[in-house]
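At position 180 of the sequence shown the residue is numbered 180 (the UniProt record's numbering), and the sequence of numbers has no breaks. Note that CB positions come from ideal geometry on N, CA and C, so glycine has one too. Since the structure comes first, as structure tokens, the remarks are kept for the end.
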Amino acid sequence: MSWQSPLRLWLLLGVLALVVAYLVMQRRRSRYAVRFTNLRLLDRVAPERPAWRRHVPAGLFLAMLALLVVGFARPSAEVRVPRERATVMVAVDVSTSMLATDVEPDRLAAAKQAARRFVEGLPDEFNVGLVAFAGSAAVLVPPGTDRDALDEGIGRLAEGITGVQGTAIGEAINTSLGAVKSLDSEAAKAPPPARIILLSDGANTSGMDPMEAAAEAVTAEVPVHSISFGTPSGFVDRGGRPIQVPVDGQTLRAVAEETGGMFHEASTTDELRAVYDDIGSSVGYRTERQDVSARFIGLGLVFAMGAAAGSMRWFSRLP
Numbered sequence: 001m002s003w004q005s006p007l008r009l010w011l012l013l014g015v016l017a018l019v020v021a022y023l024v025m026q027r028r029r030s031r032y033a034v035r036f037t038n039l040r041l042l043d044r045v046a047p048e049r050p051a052w053r054r055h056v057p058a059g060l061f062l063a064m065l066a067l068l069v070v071g072f073a074r075p076s077a078e079v080r081v082p083r084e085r086a087t088v089m090v091a092v093d094v095s096t097s098m099l100a101t102d103v104e105p106d107r108l109a110a111a112k113q114a115a116r117r118f119v120e121g122l123p124d125e126f127n128v129g130l131v132a133f134a135g136s137a138a139v140l141v142p143p144g145t146d147r148d149a150l151d152e153g154i155g156r157l158a159e160g161i162t163g164v165q166g167t168a169i170g171e172a173i174n175t176s177l178g179a180v181k182s183l184d185s186e187a188a189k190a191p192p193p194a195r196i197i198l199l200s201d202g203a204n205t206s207g208m209d210p211m212e213a214a215a216e217a218v219t220a221e222v223p224v225h226s227i228s229f230g231t232p233s234g235f236v237d238r239g240g241r242p243i244q245v246p247v248d249g250q251t252l253r254a255v256a257e258e259t260g261g262m263f264h265e266a267s268t269t270d271e272l273r274a275v276y277d278d279i280g281s282s283v284g285y286r287t288e289r290q291d292v293s294a295r296f297i298g299l300g301l302v303f304a305m306g307a308a309a310g311s312m313r314w315f316s317r318l319p
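Right, dumping it as structure tokens:
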């Protein structure tokens with residue numbers, strides 16, 4: 001935290017002086033009571049006052065003054081705020097290998113569950129789109145703020161939905177970039193701040209070269225955050241014959257490093273959720289310094305009302 005008018009903090013010395021004066025007054029009052037030797041008469045003539053409660057209004061009033069001084073000094077702090085027109089494209093691998101059951105209930109079902117949770121955690125004003133890819137890639141849901149449409153699109157993710165088998169990581173990136181560029185009428189000339197979240201379990205086997213697509217993402221200033229999901233022992237059952245489909249994240253790592261994104265490995269549903277949570281905390285935000293004096297002034301006013309309420313309740317007067 002920093003201060004736009006730090007010299008005003010010297011006024012806190014005035015508040016400190018009031019604290020000292022209050023303590024001195026209380027000490028003198030205590031000495032006067034001790035000099036009054038007829039305690040029985042003192043008990044009759046002096047009104048009964050609450051013990052510790054009589055200090056509450058004064059304490060709240062002094063705290064209010066301190067908070068108002070702090071607010072008067074115009075404190076500022078770095079605050080995360082959503083980027084305007086922020087766009088997130090979620091690209092999910094729907095190839096046959098995603099049916100491996102090394103992650104319960106299977107890789108694809110777990111990916112869909114985690115994707116839903118990820119989207120729910122994003123601000124409502126974020127534009128979010130969905131791409132499915134296997135041997136080719138297709139936009140299932142164009143980027144927008146309609147979360148119901150996105151949830152329906154996630155539900156439609158299934159093996160074979162793209163019609164071509166394989167793993168086309170490059171095509172997924174290229175298709176996602178195209179969706180970002182078609183966000184609105186301004187996107188072609190003024191592209192929105194965007195991120196691509198790419199989840200897969202294998203290396204590229206078809207379509208556009210992933211590094212070529214990564215170069216286009218760099219030009220468009222769109223980082224690709226990639227997630228390698230699955231375990232080395234994964235397999236799928238085809239006609240009673242197990243086919244090994246070990247996870248391979250080498251290409252995903254290279255793409256993330258090339259575009260300035262983050263690479264994650266997840267081998268369980270919980271790990272995948274944690275990865276999405278980590279990505280969601282940084283995607284689509286910017287940090288800017290804002291005046292936060294209202295926080296201190298508002299709390300000071302609450303203390304002022306507390307001081308007034310306590311004084312009227314216990315002493316039938318304002319402080």
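For Val-180, the closest alpha carbon among the candidates Ile-196, Thr-167, Ile-169 is that of Ile-196. Closest option to Pro-123, judged by alpha-carbon separation, among Gly-239, Ala-138, Thr-145: Thr-145. Between the stretch 233–251 and the stretch 203–212, the count of C-beta pairs closer than 8 Å reaches three or more; the two stretches touch.
Short of 8 Å from the beta carbon of Gln-165, and not among the five residues preceding or following it, lie these beta carbons of its own chain, in chain order: Ser-95, Thr-96, Ala-134, Gly-135. The stretch 206–214 makes no contact with the stretch 233–240: fewer than 3 CB pairs, one atom from each, lie closer than 8 Å.
Pairing Arg-8 with Phe-72, the inter-Cα distance amounts to about 7 Å. By DSSP's assignment, Asn-127 forms a beta bridge with Thr-87.
Note on the stretch 155–236: whole alpha helix (DSSP H) runs with a minimum of 4 residues are 169–181, 210–219, in chain order. Secondary structure of Val-119 (DSSP, three-state): helix. In the three-state reduction of the DSSP assignment, Arg-253 falls in the helix class, which pools H, G and I. In the DSSP assignment, Ala-266 forms a beta bridge with Phe-229. Between the stretch 53–65 and the stretch 99–106, the count of Cβ pairs shorter than 8 Å is below three; the stretches do not touch. Three or more beta-carbon pairs separated by less than 8 Å are not found between the stretch 124–132 and the stretch 271–280, which leaves the two stretches without contact. Ala-132 and Asp-93 have their C-alpha atoms spaced approximately 6 Å apart.
Excluding its 5 nearest sequence neighbours in each direction, His-55 has no C-beta neighbour in its own chain below 6 Å. Taking all protein chains in view, the Cβ of Met-89 is crowded by 16 or more other Cβ atoms within 10 Å, so the residue is classified as buried. Boundaries of the beta strand (DSSP E) around Pro-143: 137–144. Ser-2 has Ser-76 as its beta-bridge partners, per DSSP. When C-alpha distances from Arg-147 are compared across Gly-170, Ala-115, Glu-159, the shortest belongs to Ala-115. In this structure, Ala-220 is the residue among Thr-259, Gly-59, Ala-220, Ala-137 with its C-alpha nearest to the C-alpha of Ala-188. Minimum Cα-Cα distance from Gly-178 among the listed residues Ala-149, Leu-199, Val-139, Ala-190 corresponds to Val-139. Where Pro-242 is concerned, the enclosing beta strand (DSSP E) starts and stops at 241–244. Within its own chain, the residues whose Cβ lies closer than 7 Å to the Cβ of Leu-130, once the five positions on either side in sequence are excluded, are Val-90, Leu-140, Val-141, Leu-150, Gly-153, Ile-154, listed in chain order.
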